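Protein chains in written order, with the numbering used here: chain A, 1167 to 1352; chain B, 6 to 409.
Read the structure below first, then the notes.
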Amino acid sequence: MKDNSRRGFMGKAFGAVAGVGAIASLFAMKKTWDPLPSVKAAGFTTLDMSAYKENELVVEKWRGKPIFVLKQSKEMLDTEDKNMSQLTGKTTEAMDKKRLIRIGDAEYMVTIGLCTHLGCIPGYNQDKKSFLCACHGGMYDDTGMVTKSPPPRGLDIPPFKIKGNILVLGEEGPEYKKMKETGITL
Amino acid sequence: MAHFTKATSIKDWLNQRLAIEKVEKVMASEYWIPKNINFLWAMGMVLVITFTFLLVSGIFLLMYYQPNVDLAFDSVNYTIMREVDFGWLWRNVHGVAASVVFLIIYIHMFTAIYYGSYKKGREMIWISGMLLFVAFSAEAFSGYMLPWGQMSYWAGMVITNLFSGGSLHADGLVEWIRGDYVPAQAFLSRFFMLHVLLIPVAILGLIGLHFGALRIPHVNNQDGEEIDFDKESKKYLAGDKAGSKVIRFANDFMSKDMLVVAIYLVFFFYLVFYHYGFAMDPVNFDPANGLKTPTHIYPEWYFLWSYEILRPFSTNIGLMAFAFAQVIFMMLPFLDRSPNTVPASRRGLFKYWFWAMLIDMIILTAMGKVPPIEPFGTIGFYAALTFIGLWIALPIITMFEKKA
Ligand code: FES
Chain A
1167 MKDNSRRGFM GKAFGAVAGV GAIASLFAMK KTWDPLPSVK AAGFTTLDMS AYKENELVVE
1227 KWRGKPIFVL KQSKEMLDTE DKNMSQLTGK TTEAMDKKRL IRIGDAEYMV TIGLCTHLGC
1287 IPGYNQDKKS FLCACHGGMY DDTGMVTKSP PPRGLDIPPF KIKGNILVLG EEGPEYKKMK
1347 ETGITL
Chain B
6 MAHFTKATSI KDWLNQRLAI EKVEKVMASE YWIPKNINFL WAMGMVLVIT FTFLLVSGIF
66 LLMYYQPNVD LAFDSVNYTI MREVDFGWLW RNVHGVAASV VFLIIYIHMF TAIYYGSYKK
126 GREMIWISGM LLFVAFSAEA FSGYMLPWGQ MSYWAGMVIT NLFSGGSLHA DGLVEWIRGD
186 YVPAQAFLSR FFMLHVLLIP VAILGLIGLH FGALRIPHVN NQDGEEIDFD KESKKYLAGD
246 KAGSKVIRFA NDFMSKDMLV VAIYLVFFFY LVFYHYGFAM DPVNFDPANG LKTPTHIYPE
306 WYFLWSYEIL RPFSTNIGLM AFAFAQVIFM MLPFLDRSPN TVPASRRGLF KYWFWAMLID
366 MIILTAMGKV PPIEPFGTIG FYAALTFIGL WIALPIITMF EKKA
């Protein structure tokens, strides 16, 4: 009997030590899979906003992701967006202009160029002024609002900071923070 | 302590130490297979052969492949395909076998569904088989990343994005899986590791489990008849070979198996030498480019049906439907409430269920391949609903099934 309980105790003690070791190694394994610090620190992208032309999509790069920059023409700003959002059933107008970034006296759409559905790159149609994602047929208007599902929301806006004519991606300026608070972007 | 005597032959020497005669009996000459089967029972051996091809061709590819985002594409498309003597052979074998193995897996699966080979003690065979299907899917996906072409990159992007769980926005999880914000070096290296080590080891283990699960319930037969294997094998050993319902695994059963394998190999090598193109997507002959999506992204044919279940819905519902499709086959032994273990043709409504499921999966596969335009979107949508509906109907129709 005494022997048994001693063996039982040994078993439990070994089990406990092995358990701690297993958890510790799982932790190490998880951390090893984490993105490296050098990847995380992958810097900032600076864009000179005076270089863009109206209604002409330019694709920049930030943290390996494509960034859409679309300078709005007067016509694009004036025409009310008649697109219905499939998600809310309302016209996208309410959200529409709030998604734009004002620099000097021009308005720009600056978004991450990855479909919010599963991450394909939508293509821009200059005449229709809309984006079409070829993967599953999602659509966005010229401010990046979603107009046809499956994408669950408009194109995401990367963290940005305005410095005169320069837009820095990766830094959170007051305008970006406001967009985030009001739910314009995620 | 075992007693060893001076060996009379090499065989005897080995026998005393490893009991090779006993092993041979247990594994082959006295492992009993029913007589009442057809060529569909050979698919297991066809799979073993195909897996061996994958393993051997993979070893040779591994000697020249470079898991580096700058070198991977050329190491496959230039070094292996043009420089290495017979490099093309290994690649064609590997690519064709990776595709064909799924065709055989599907035949193997639907054979089991048709004949009810997942019931009455055979549940673990089915479950371990479905785990093998999952492992093979992961193996195929990770392997598809390695040439680092456009389809590799974008399939990697889209599939890893699934793990964000739609509105859950588990972007951290996605980045953790990738080791970067987008698929890049860390991503390629870890999928390389998964493809050549971790998943193959898991597959080997699961194959062991799958075979082990067969030992006690034994192989099913064309009528789902419960055979007394002890009695029938005694009959066989006593000399009544004609009267017995079973035969030896080797050489009797194997010799028939090998005939099917031989026919299969003719077909296989025809594909390897003359028709390997179907297993190699032309889009993947463009190097990966994170700033340009191919106009139409689709997975390899064997994933199309589950991909099509994802596509017609909005993100969250699509993900749920997709997750449902991934696990539901595993549940088959428990969703089929009927005790009948007979071919589907003798099972009333289940007969229609079987054919409806098979046809629906073929439709889903076809719709997954075409671009997301009408009327394909609508057809895909209803086919996806049918898939879910059939699984919901299964417990109900089998509950009311008459005893066969
Ligand atoms: S990734 Fe764009 S619609 Fe699915």
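Every residue gets a Cβ at the ideal spot worked out from N, C-alpha and C, and that includes glycine.
Just so we're clear, the structure is a prediction, and the values are computed from it rather than from any experiment.
Nearest to residue i (by Cα), restricted to the options the options
| i | options | result |
| --- | --- | --- |
| residue 300 of chain B | B:375, B:387, B:280, B:272 | B:375 |
| residue 295 of chain B | A:1303, A:1231, A:1299, A:1221 | A:1231 |
| residue 266 of chain B | B:53, B:408, B:121 | B:53 |
| residue 161 of chain B | B:33, B:109, B:191 | B:191 |
| residue 362 of chain B | B:123, B:200, B:188, B:389 | B:389 |
| residue 1396 of chain A | A:1223, A:1290, A:1216, A:1278 | The displayed coordinates of chain A run from 1167 to 1352. Any statement about residue 1396 of chain A would go beyond what the structure contains. |
| residue 1276 of chain A | A:1313, A:1244, A:1326 | A:1326 |
| residue 367 of chain B | B:280, B:15, B:307 | B:307 |
| residue 319 of chain B | B:171, B:89, B:282 | B:171 |
| residue 332 of chain B | B:276, B:183, B:131 | B:131 |
| residue 1287 of chain A | B:107, B:146, B:155, B:119 | B:155 |
| residue 1310 of chain A | A:1290, A:1196, A:1181, A:1202 | A:1290 |
| residue 1240 of chain A | A:1220, A:1226, A:1171 | A:1220 |
| residue 197 of chain B | B:207, B:70, B:246, B:236 | B:70 |
| residue 1283 of chain A | B:365, B:58, B:322 | B:322 |
| residue 401 of chain B | B:365, B:349, B:343 | B:343 |
Residue i, DSSP secondary structure in three states
| i | result |
| --- | --- |
| residue 1193 of chain A | helix |
| residue 307 of chain B | helix |
| residue 1313 of chain A | strand |
| residue 1338 of chain A | coil |
| residue 253 of chain B | strand |
| residue 397 of chain B | helix |
| residue 379 of chain B | coil |
| residue 1321 of chain A | coil |
| residue 40 of chain B | coil |
| residue 203 of chain B | helix |
| residue 9 of chain B | coil |
| residue 246 of chain B | coil |
| residue 24 of chain B | coil |
| residue 292 of chain B | strand |
| residue 1200 of chain A | coil |
| residue 152 of chain B | coil |
| residue 301 of chain B | coil |
| residue 1283 of chain A | coil |
| residue 350 of chain B | helix |
| residue 370 of chain B | helix |
| residue 229 of chain B | coil |
| residue 1350 of chain A | coil |
| residue 35 of chain B | coil |
| residue 1253 of chain A | Below a pLDDT of 50, predicted positions are generally treated as unreliable, and residue 1253 of chain A, at 49, falls in that range; the measurement from the model is reported next regardless. Coil at residue 1253 of chain A, not helix or strand. |
| residue 220 of chain B | helix |
| residue 91 of chain B | coil |
| residue 406 of chain B | coil |
| residue 318 of chain B | coil |
| residue 5 of chain B | Only positions 6 to 409 of chain B appear in the structure, and residue 5 of chain B is not among them; the question remains open. |
| residue 342 of chain B | coil |
Beta-ladder partner(s) of residue i, from DSSP
| i | result |
| --- | --- |
| residue 1297 of chain A | A:1290, A:1306 |
| residue 1277 of chain A | A:1234 |
| residue 386 of chain B | Answer is none; residue 386 of chain B lacks a bridge partner. |
| residue 1272 of chain A | A:1269 |
| residue 1326 of chain A | A:1335 |
- Message: Residues of the segment 1270–1285 of chain A in Cβ contact with chain B at a cutoff of 7 Å, in chain order, please.
- Response: 1283, 1284, 1285
- Item | Unbroken stretches of the beta strand (DSSP E), 3 residues or longer, contained in the segment 1204–1245 of chain A | 1211–1214, 1224–1228, 1231–1237
- Contacting positions in the segment 1213–1246 of chain A - beta carbon closer than 8 Å to chain B: 1225, 1227, 1229, 1230, 1231, 1232
- Task: Enumerate, from N- to C-terminal direction, the unbroken alpha helix (DSSP H) stretches of 4 or more residues contained entirely within the segment 251–289 of chain B.
- Result: 259–279
- Task: Just list the alpha helix (DSSP H) runs in the segment 155–194 of chain B, keeping only unbroken ones of 4 residues or longer that don't cross its boundaries, in chain order.
- Result: 155–166, 176–183
- Message: Output needed in chain order: residues of the segment 176–203 of chain B with a Cβ under 8 Å from some Cβ in chain A.
- Response: 180, 181, 182, 183, 184, 185, 186, 187, 189, 191, 195
- For the segment 136–153 of chain B, which residues have a CB atom closer than 9 Å to at least one CB atom of chain A, in sequence order? none
- Which whole runs of the alpha helix (DSSP H) in the segment 48–79 of chain B are 4 residues long or more, in chain order? 48–67
- Which full runs of the alpha helix (DSSP H) of 4+ residues lie inside the segment 104–150 of chain B, going along the chain? 128–150
- Give the residues from the segment 1331–1348 of chain A that approach chain B closer than 7 Å (Cβ to any Cβ), ordered along the chain. none
- Item | chain B contacts made by the segment 1302–1319 of chain A, where a contact means CB separation under 8 Å | 1302, 1303, 1315, 1316, 1317, 1318
- Message: Please list, in chain order, the residues of the segment 1287–1298 of chain A that have any C-beta partner in chain B closer than 7 Å.
- Response: 1287
- Between the segment 1184–1199 of chain A and chain B, which residues of the former have a C-beta closer than 9 Å to a C-beta of the latter? 1196, 1199
- Query: For the segment 222–253 of chain B, which residues have a CB atom closer than 9 Å to at least one CB atom of chain A, in sequence order?
  - Reply: none
- Residues, ordered as in the chain, of the segment 319–347 of chain B that lie near chain A by beta-carbon distance below 8 Å: 319, 320, 321, 323
- Name the residues in the segment 283–297 of chain B whose C-beta lies less than 9 Å from a C-beta of chain A; which are they? 295, 296, 297
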